[in-house]
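The block underneath contains the structure these notes are about, expressed in structure tokens.
4 protein chains.
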Amino acid sequence: MARFAFYGAKWWNHQAGYAALAAGTACGVAIRPSKMTAADGRPFDERSAANLRPYHLSSWQEERIGLVKERTVNKFLNPIAIAWPDFNFLNPDELVQGHIILNDSKQASRPKELANGCVRANACKEIWWNPSEVRAAIVTCGGLCPGLNSIIREITNCLWHQYGVRTVLGMQAGYNGCKDPDSFPPTQLTVDNVRDIHMKGGSILKAGRGGMDDPEKILDQLQKQGVNMLFTVGGDGTQAAANLLFQAAKKRNMPLSIVGVPKSIDNDIVFFDKTFGFDSAVAAASEVIRNGWVEATSCSKGVGIVKLMGRDAGFVAMHAALASTIVDLVMIPEVDVELEEVMGHVDRTLERKDFMVIAVAEGAGQKFVATGKKDSTGHTVYGDIGTYLKDAVNSHLKSKGGRSFYIDPSYIIRSVTIRPNDHIYCSRLARDAVHTAMRGYTGVCVGPIHNIIVVMPSNLIASRKKRVGLHSSSWQSCVQSCNMPKSLSGLN
Amino acid sequence: MARFAFYGAKWWNHQAGYAALAAGTACGVAIRPSKMTAADGRPFDERSAANLRPYHLSSWQEERIGLVKERTVNKFLNPIAIAWPDFNFLNPDELVQGHIILNDSKQASRPKELANGCVRANACKEIWWNPSEVRAAIVTCGGLCPGLNSIIREITNCLWHQYGVRTVLGMQAGYNGCKDPDSFPPTQLTVDNVRDIHMKGGSILKAGRGGMDDPEKILDQLQKQGVNMLFTVGGDGTQAAANLLFQAAKKRNMPLSIVGVPKSIDNDIVFFDKTFGFDSAVAAASEVIRNGWVEATSCSKGVGIVKLMGRDAGFVAMHAALASTIVDLVMIPEVDVELEEVMGHVDRTLERKDFMVIAVAEGAGQKFVATGKKDSTGHTVYGDIGTYLKDAVNSHLKSKGGRSFYIDPSYIIRSVTIRPNDHIYCSRLARDAVHTAMRGYTGVCVGPIHNIIVVMPSNLIASRKKRVGLHSSSWQSCVQSCNMPKSLSGLN
Amino acid sequence: MARFAFYGAKWWNHQAGYAALAAGTACGVAIRPSKMTAADGRPFDERSAANLRPYHLSSWQEERIGLVKERTVNKFLNPIAIAWPDFNFLNPDELVQGHIILNDSKQASRPKELANGCVRANACKEIWWNPSEVRAAIVTCGGLCPGLNSIIREITNCLWHQYGVRTVLGMQAGYNGCKDPDSFPPTQLTVDNVRDIHMKGGSILKAGRGGMDDPEKILDQLQKQGVNMLFTVGGDGTQAAANLLFQAAKKRNMPLSIVGVPKSIDNDIVFFDKTFGFDSAVAAASEVIRNGWVEATSCSKGVGIVKLMGRDAGFVAMHAALASTIVDLVMIPEVDVELEEVMGHVDRTLERKDFMVIAVAEGAGQKFVATGKKDSTGHTVYGDIGTYLKDAVNSHLKSKGGRSFYIDPSYIIRSVTIRPNDHIYCSRLARDAVHTAMRGYTGVCVGPIHNIIVVMPSNLIASRKKRVGLHSSSWQSCVQSCNMPKSLSGLN
Amino acid sequence: MARFAFYGAKWWNHQAGYAALAAGTACGVAIRPSKMTAADGRPFDERSAANLRPYHLSSWQEERIGLVKERTVNKFLNPIAIAWPDFNFLNPDELVQGHIILNDSKQASRPKELANGCVRANACKEIWWNPSEVRAAIVTCGGLCPGLNSIIREITNCLWHQYGVRTVLGMQAGYNGCKDPDSFPPTQLTVDNVRDIHMKGGSILKAGRGGMDDPEKILDQLQKQGVNMLFTVGGDGTQAAANLLFQAAKKRNMPLSIVGVPKSIDNDIVFFDKTFGFDSAVAAASEVIRNGWVEATSCSKGVGIVKLMGRDAGFVAMHAALASTIVDLVMIPEVDVELEEVMGHVDRTLERKDFMVIAVAEGAGQKFVATGKKDSTGHTVYGDIGTYLKDAVNSHLKSKGGRSFYIDPSYIIRSVTIRPNDHIYCSRLARDAVHTAMRGYTGVCVGPIHNIIVVMPSNLIASRKKRVGLHSSSWQSCVQSCNMPKSLSGLN
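Take a look at the structure:
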């Protein structure tokens with residue numbers, strides 16, 4: 001079982017049980033190991049997402065592995081329990097199973113880190129922090145994404161109304177504002193000044209890159225301001241930086257709950273079902289696809305081409321195609337295609353319908369447009385596949401009578417107002433981030449698996465990126481609903 | 001364990017194992033029964049959602065219980081497998097676990113029918129039907145719901161493109177068109193005439209009530225038209241009727257795959273995560289709430305009141321409140337409130353903010369407005385809680401200077417165009433309905449649990465309705481985000 | 001020529017010339033009177049819209065009639081002229097002709113008050129007020145209308161940026177805030193706090209009715225606050241009250257520029273082309289009509305019925321029908337119809353298309369639903385024609401198989417955000433209101449004729465209401481595009 | 001009076017009268033010439049817009065000048081008059097005055113062609129064509145513009161319902177379909193197949209460029225198909241081609257009513273108030289400006305830059321700025337600016353507000369990016385001012401800490417669905433185009449002056465393009481509302 005090699009010998013101490021699980025059983029139901037604790041009494045491997053003891057303020061200085069016994073170590077009664085005696089609280093050891101399909105045809109591709117499940121996020125009755133002593137801060141990093149203001153608003157509201165916290169600092173310009181509050185003075189957030197902010201796109205905290213280079217300086221500044229709870233909203237880089245901050249705080253034993261809300265408009269955060277803002281971006285993208293479709297259908301042999309976000313993962317392009325079902329070709333970074341195959345599909349589609357729509361992720365087809373450059377932060381500078389494709393289609397069609405209509409919506413996609421269902425999702429993440437911090441966790445992120453919000457170590461989240469699975473039901477459906485040929489599907 | 005009484009003695013043959021599961025274990029991980037087959041070799045109880053043998057054309061005449069051995073009985077190779085050798089197909093016995101939380105604080109409320117999991121829907125390599133012999137029909141019943149056209153379109157496209165089916169009849173006016181095709185002649189659906197229909201609300205098949213009273217006549221007509229695959233899109237009544245049709249077909253051994261796509265704009269379909277169209281309805285509702293909020297905030301002591309759908313379940317009102325987070329009181333059928341408590345909350349909210357927004361489900365507060373009448377189909381005629389509340393608030397505020405602004409959007413909510421993410425969902429349901437029918441199932445519905453589409457007997461779906469759980473995380477969050485008092489929350 | 005009787009003998013001193021004008025001439029070009037001054041040297045009749053001398057602070061105490069010689073009496077140089085030497089300013093006596101069609105087929109219906117044209121509003125080089133001494137106030141009265149915040153914002157911006165005024169008071173709750181600033185303390189408006197307000201519907205000044213009963217008290221309060229410029233945004237009642245305020249100020253010789261921006265979501269302001277917010281309301285209404293159309297087209301013999309604003313004038317219903325062109329019957333207060341004619345049209349339309357859409361103004365068909373009541377302000381309480389029509393259609397169709405779908409969007413229409421083109425219009429009105437006040441006018445309103453903003457005495461504006469002309473090109477087009485029968489058109 | 005030189009000696013035979021008109025009079029009312037007929041009995045100069053005799057089928061072969069005596073020469077009774085005896089018809093010599101402002105501060109800039117007014121378009125009682133013999137065709141040329149489908153629909157509906165015409169051909173791909181119907185077979189338009197088309201953007205007739213090169217061939221084809229009424233929807237090039245077609249038809253005395261509906265998303269059609277689709281484009285553009293504003297306000301020293309349509313005229317950029325009032329700089333082709341002035345304004349604006357939004361028309365600042373190239377049709381290839389400006393701003397700000405966010409919405413603007421008020425406008429144009437053709441005019445266009453639709457010779461429309469007047473009230477307002485400095489305003 002080569003796929004386990006990566007996890008090393010410690011990964012799983014019940015090979016037999018796991019093998020049974022992986023193989024399925026004759027009766028159609030997997031046999032689960034009767035005990036999931038390790039031989040040495042540690043319930044999980046240290047790489048398990050459920051191994052949260054190193055990420056709780058009660059036990060972060062210890063070398064132990066396992067779940068946190070919050071009922072024992074958390075000394076404060078949640079003020080919600082006082083106000084609402086009949087409220088239902090989570091069991092603090094409530095675990096959402098990671099692998100929930102038996103006889104799973106894609107067992108091999110399920111992440112091992114989730115094999116033991118994940119601790120559910122949400123309010124518990126016993127909490128670590130005395131709410132009256134909490135001073136919180138929120139930082140939003142990187143580029144814009146729909147929902148930032150929703151998250152800022154709901155973190156503030158939950159802290160204020162449910163826990164009575166009155167100090168909520170809005171750090172400006174990302175980590176820059178954490179590191180250098182003199183240049184970027186923080187805003188005092190209140191229920192009044194966040195009341196309407198979710199009705200606008202963008203971030204009232206002025207998103208910003210950089211500033212992550214000096215964790216010690218950031219901790220000094222937070223300490224100076226008395227901040228003991230920090231919410232970091234940002235991508236994998238932001239959460240990696242949050243993890244370094246967590247490590248530094250641990251080293252100086254500075255009690256600070258750092259809870260992240262992972263952000264990626266490309267939806268390439270690993271483990272979690274979906275990122276916030278993604279649905280809104282897809283909705284905006286599918287409207288632009290509609291524009292391309294209008295152009296294509298209003299011209300003989302018209303080819304609408306829309307470039308969408310997606311440096312390394314094609315989720316936006318794929319979902320926008322599924323959301324509009326008027327796309328005939330989706331090009332994503334995960335699939336390597338040849339230009340002549342593209343042109344063959346163009347010809348056949350125009351022959352059949354007289355128009356065509358192509359959605360192309362910005363990171364697709366880089367072999368055609370490689371720049372060979374890196375930017376100042378070391379990221380590869382991508383070539384512009386959109387204009388390349390436009391030119392290629394135009395020159396291909398020149399003699400045949402058709403033409404392309406190219407749209408690059410760029411910032412239009414990410415600066416939209418959050419959509420209603422996405423706002424609900426942002427609110428859930430925000431509230432559960434607060435509850436998780438109140439329960440004493442740190443160095444963790446919150447996000448959903450199987451549509452239930454869980455807590456996970458930030459270093460797991462920052463460890464890799466999600467990509468579109470070519471055998472996922474989404475991509476296979478996309479390929480089918482677009483009537484794409486095998487040669488452009490990656491399924492060959 | 002009183003809650004098991006309902007299921008009778010046969011329900012569960014591993015009381016001990018189940019009790020352990022329910023109680024959780026000291027090590028934080030539930031012990032699952034090592035074998036889930038029954039003593040007599042039947043893997044599941046007959047009430048289990050996974051007990052699909054009675055709902056497969058290979059075995060529906062037998063008295064057996066269990067999963068279907070599709071690989072053995074399904075004789076045709078899926079044409080997708082021919083076109084796409086590298087396509088990933090489901091294992092036909094792939095099971096989605098029903099209960100996926102260990103140490104679950106709400107174990108008692110999880111539906112027992114899901115305890116053994118549910119068979120996953122999607123394409124399998126071996127299918128029952130010879131696609132070249134399939135003649136399909138689609139019927140949409142009951143009132144409008146966003147997404148009907150999406151489902152009609154994607155069922156047609158999947159049948160046409162993936163399985164090569166060329167006969168897809170669109171029955172008109174619900175079951176009326178099935179029973180009396182002379183009065184309501186069906187439409188021939190093709191990829192061309194469904195191409196743009198998802199861009200409009202409503203149903204091109206003209207939704208209609210009634211016509212379900214004579215299953216034999218419907219079968220006669222379907223037989224006459226050579227239809228052997230029927231997709232029923234409609235609410236619990238529609239699926240109950242589909243079940244009767246299935247029973248009648250079984251009795252006359254007429255091979256007919258009946259697959260339902262449950263529809264309810266109230267989202268009160270049991271077992272499944274969410275109904276199609278619900279997100280779009282909530283989005284529309286939250287825009288109307290915005291209108292009420294504009295009125296309320298533009299007047300001294302203004303109270304916006306918005307009546308929303310929800311006869312017996314308050315999901316639309318609750319989610320619209322969560323999606324807008326500008327609502328101060330949500331009244332749903334599941335919570336019994338006193339008028340003086342409502343007015344107390346009005347007073348306190350106006351005192352605090354000078355404006356207020358109330359979302360009220362049509363079925364809430366019926367004790368104030370009971371009509372005592374039944375309509376022709378035997379349903380209780382509900383009184384108009386919206387105008388009652390409007391008048392009550394106005395008369396309460398008369399001497400204090402405020403007033404209400406009442407909005408009843410009625411059909412505005414349900415006639416909207418499908419939203420992008422909801423269209424993706426409709427497409428998934430549609431495609432999986434087709435795959436499920438092709439695999440030979442009948443008398444079943446498709447829908448998601450834990451965000452994975454599964455197959456379930458229609459009689460289970462029609463057996464009861466979902467209601468808002470007062471201890472659900474959604475309702476508790478709603479109560480908190482609205483700052484509602486205990487007395488109006490049902491949590492007391 | 002009986003229609004002149006109303007205006008009395010003084011109205012027109014060139015009967016012969018006017019008769020020629022009315023009749024047209026053989027050569028196709030009207031002969032205009034060679035001199036438009038009156039026999040006694042007064043250029044206009046006192047009822048002429050261009051007779052503005054009584055409404056200028058330089059001459060309001062005199063008994064003279066005519067245009068104002070602003071270049072002579074206005075002593076201050078417009079600060080815009082200092083900042084922008086190359087700016088084009090209006091001639092202060094620039095007159096927009098009222099009647100601009102020669103050989104006019106509807107000459108008889110053109111308002112006589114406009115025969116001499118209207119003074120154009122906009123910036124002039126010489127102004128009356130020393131901007132550094134101006135203290136301005138804005139009041140918004142009556143119900144909501146899209147664009148109130150746009151007008152508040154642009155008045156503030158123009159005063160601030162173009163004239164350097166730093167005191168702009170936002171009176172709360174309509175005239176109540178003018179009369180009783182202690183109970184309703186005014187807001188200080190600045191460019192910063194109005195920056196984003198046009199992105200929301202409603203009014204940040206909290207629209208309110210009443211408070212107009214005591215002009216002297218209002219003047220006392222304004223005097224106390226040093227206000228010398230008052231912008232009144234409201235309907236004909238508001239402008240009538242503004243006229244009384246103007247009369248009272250004139251009597252006590254209190255220099256106060258009162259400039260109104262007429263508001264009516266029904267678009268029934270006389271003389272002016274169109275009210276602000278009307279286009280936005282029509283756009284919202286046409287979306288609701290789309291909802292009704294979706295319902296009607298998704299049901300056999302479906303009749304969508306949408307009730308729209310319009311107490312005494314059917315402009316909203318008419319324009320919403322023209323804007324959607326999917327309506328088959330428009331019922332407006334101006335046209336008296338019989339129910340059996342309506343039902344005949346319903347039958348014929350269903351016969352032809354199998355669906356139908358009706359737009360009905362709230363004030364239409366009052367003879368069917370008369371309440372016989374007056375409200376506290378003496379206005380007739382209208383019966384609910386919408387539900388009446390719904391019930392009538394349902395009972396008419398009961399035996400025939402169809403049914404109605406009724407939508408009453410109520411506040412949804414008026415609480416929408418201003419549409420882009422409407423915001424431009426609001427901005428023009430706002431700026432020209434400021435320029436007009438700065439030029440020293442008072443007791444006047446601004447609004448467009450032939451799409452050019454002009455100044456007109458408020459008492460003219462308040463003198464009557466506009467109604468839909470049955471021979472207007474709009475109504476005739478509406479009747480044709482709906483395929484309405486003669487009997488329902490009023491054209492018989 | 002040098003400005004009259006262009007028109008030659010024949011232009012105006014009442015210099016004295018005109019001089020009086022231009023100068024205004026002491027009493028504030030202009031004296032109009034008592035007779036407007038020419039010395040030789042011709043009422044107008046041949047360049048007058050009202051000189052329509054050469055453009056009526058009764059008189060197009062004559063050398064006369066003047067209005068058409070339709071009542072004498074038009075022999076058929078309008079079928080509307082039969083169906084609607086009480087309908088109000090225009091007088092056929094109804095003239096809309098071109099210059100309607102007395103004491104006009106901008107008299108010199110008013111177009112001389114309108115001095116004698118324009119013949120009003122709309123239905124007349126006597127028509128030229130026997131409707132039962134009419135065979136009509138519609139052609140849409142050039143790029144997309146919102147409203148094409150509205151116009152196609154309403155021309156079809158008016159011909160069908162009001163005049164009973166049953167042959168309405170939809171020519172495909174612009175003039176190509178007229179010239180070569182074998183390659184581009186026309187569509188038969190009916191009330192049924194145009195019913196819903198206005199709910200989508202684009203053109204169902206597939207807009208296309210070219211095909212205008214051979215008028216004789218087009219006439220041959222039209223003759224072959226029996227077409228005697230042709231509606232040409234397109235820009236100034238299209239109308240110039242329509243004029244050549246008209247000349248050719250006149251030469252061969254082929255009775256053909258050619259009526260144009262001028263189209264330009266840039267709104268640069270001369271004489272007419274506004275083009276159809278322009279409001280919708282501006283609305284779409286102002287949403288994109290909102291995106292740029294969200295980006296700019298969510299970043300420290302953020303500069304949003306949005307490129308908008310406008311090759312030679314900046315109307316879209318100007319109106320989008322006025323419609324959003326969140327723009328700080330508008331760059332249009334009509335204003336020549338220096339880059340250092342732009343950067344100075346950037347610095348001052350960032351200093352004041354910390355963010356900034358720039359709207360730039362594609363044709364602005366071409367001196368910075370001139371390509372020196374012409375395309376195949378001889379048009380100058382414009383350089384990309386958008387990316388130039390983005391780079392310039394970025395490099396300017398590099399050392400200061402800010403950055404730009406650049407959006408080029410391209411086809412997004414023009415492929416949107418028509419907005420409600422714009423659809424009303426399209427419908428008016430469409431109906432009046434039909435009425436004008438029925439009255440026997442040819443070689444003419446329809447469009448509004450002072451918001452009334454009139455008829456004008458196509459060669460006048462094609463004679464030049466409209467540009468933004470720097471002293472127009474729109475541009476001056478734009479400059480003020482953006483707080484632009486003099487150096488960037490063109491007003492210096």
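Protein chains in written order, with the UniProt record's numbering: chain P, 1 to 492; chain L, 1 to 492; chain B, 1 to 492; chain H, 1 to 492.
C-beta: ideal position from N, C-alpha, C; glycine also.
None of these values were measured; they are calculated from a predicted model.
Under the three-pair Cβ rule at 8 Å, the segment 140-147 of chain L counts as touching the segment 227-238 of chain L. Within the segment 137-219 of chain B, complete alpha helix (DSSP H) segments of at least 4 residues are found at 148-157 and 175-179, given in chain order.
DSSP lists H:G302 as the beta-bridge partner residues of R403 (chain H). Within the model, the alpha-carbon separation for S474 (chain B) versus M318 (chain B) is close to 8 Å. The continuous stretches of beta strand (DSSP E) do not include G235 (chain B), and DSSP gives it neither H nor E. Apart from the 5 residues on each side of it in sequence, M438 (chain H) sits with its Cβ closer than 6 Å to the Cβ of I127 and W129 in its chain, given in chain order.
Closer than 9 Å at the C-beta level to chain L, one finds these residues of the segment 380-407 of chain B: F405, Y406 and I407. Assignment of Y382 (chain P) by DSSP, reduced to helix, strand and coil, places it in the coil class. Under the 10 Å beta carbon count, N291 (chain L) is surrounded by 16 or more other beta carbons and is classified as buried.
For D93 (chain H), the nearest beta carbon of chain B is closer than 7 Å to its own beta carbon. At a beta-carbon threshold of 7 Å, the residues of chain H lying near I424 (chain B) are H319, L322 and A323, ordered along the chain. For Q223 (chain B), same chain residues with a beta-carbon under 7 Å away, outside a window of 5 residues either side, are M254 in chain order. The alpha-carbon of I289 (chain B) is positioned some 14 Å away from that of S280 (chain B). In terms of beta-carbon proximity, N451 (chain L) lines the interface with chain P, with at least one pair separated by less than 7 Å.
Rounded to whole angstroms, the separation of the alpha carbons of T156 (chain P) and C178 (chain B) is 37 Å. Residues of chain B whose Cβ lies closer than 8 Å to the Cβ of I412 (chain L) are, in chain order, V288, N291, I407, P409 and I412.
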